[in-house]
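K.L.:
This is the structure, below, for whatever I ask next.
As structure tokens, then:
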């Protein structure tokens, strides 16, 4: 029986089919969103997750047309796919407090819009907590 060289966590079956498993990581965006793609590519990753903004604040700097186009251009060049955006940590779509719920919905909407602009494949969001209310109220929020 011939032994095949299996690399980087590939199963022998995956190797025979000529497909590599998709590997990715949550990449930093310092210096620009496109740098996350470049870092992923340098590490031979095929997928990436990023924050498209500060994950711990309500206000987000708008994405410039140049920033969006550079991200798309680098993505085409690196062929990184899928791209997932992780929504900011403050979003609480199950909030019992009406003010928090409205801020969360607005921020979630903004995250969706940013994902559409960047042509992200996924948006990761934690639903939050219905603190002070029952679970059903949190789900209905």
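In this note's numbering, the protein residues as written are 158 to 298. No residue lacks a Cβ here, since even glycine has one placed at the ideal position from N, Cα and C. Only a predicted model underlies this, so the values are computations on that prediction, with no experimental measurement involved.
#1: What are the start and end residues of the beta strand (DSSP E) that includes residue 280?
#2: Using the beta-carbon count (16 or more within 10 Å), is residue 158 buried or exposed?
#3: Measure how close the beta-carbons of residue 232 and residue 203 come, nearest whole angstrom, since I'm counting them as under 8 Å.
#4: When we look at the beta-carbon of residue 237 and count the other beta-carbons within 10 Å, is it buried (16 or more) or exposed?
#5: Give the straight-line distance between the Cα atoms of residue 229 and residue 275, rounded to the nearest whole angstrom.
#6: Using the beta-carbon count (16 or more within 10 Å), is residue 187 buried or exposed?
#7: For residue 285, which of helix, strand or coil comes out of DSSP?
#8: Around the Cβ of residue 287, are there at least 16 other Cβ atoms within 10 angstroms (buried) or fewer (exposed)?
#9: Would DSSP call residue 160 helix, strand or coil?
#10: Below 8 Å CB to CB, which residues in the same chain sit around residue 259 once its five sequence neighbours on both sides are set aside?
#11: If you follow the beta strand (DSSP E) that residue 241 is part of, which residue opens it and which one closes it?
#12: Is DSSP giving residue 208 helix, strand or coil here?
#13: Leaving out five residues before and five after residue 246 in sequence, what residues of the same chain have Cβ atoms less than 7 Å from its Cβ?
P.N.:
In brief:
#1: 279 to 281
#2: With a pLDDT of 40 at residue 158, under the threshold of 50, the modelled position of this residue cannot be trusted, and the question is left open.
#3: Not a contact, Cβ separation roughly 12 Å.
#4: Around the beta carbon of residue 237, a 10 Å sphere encloses 16 or more other beta carbons of the protein chains shown; the residue is thus reported as buried.
#5: 7 Å
#6: exposed
#7: coil
#8: buried
#9: Low per-residue confidence applies at residue 160: pLDDT is 40, beneath 50, and the placement is therefore not dependable, though the value from the model is reported in the following sentence. Here residue 160 sits in coil by DSSP.
#10: Non-local beta-carbon contacts of residue 259 in its own chain, meaning distances under 8 Å to residues more than five positions away in sequence, are absent.
#11: 240 to 243
#12: coil
#13: 212, 213
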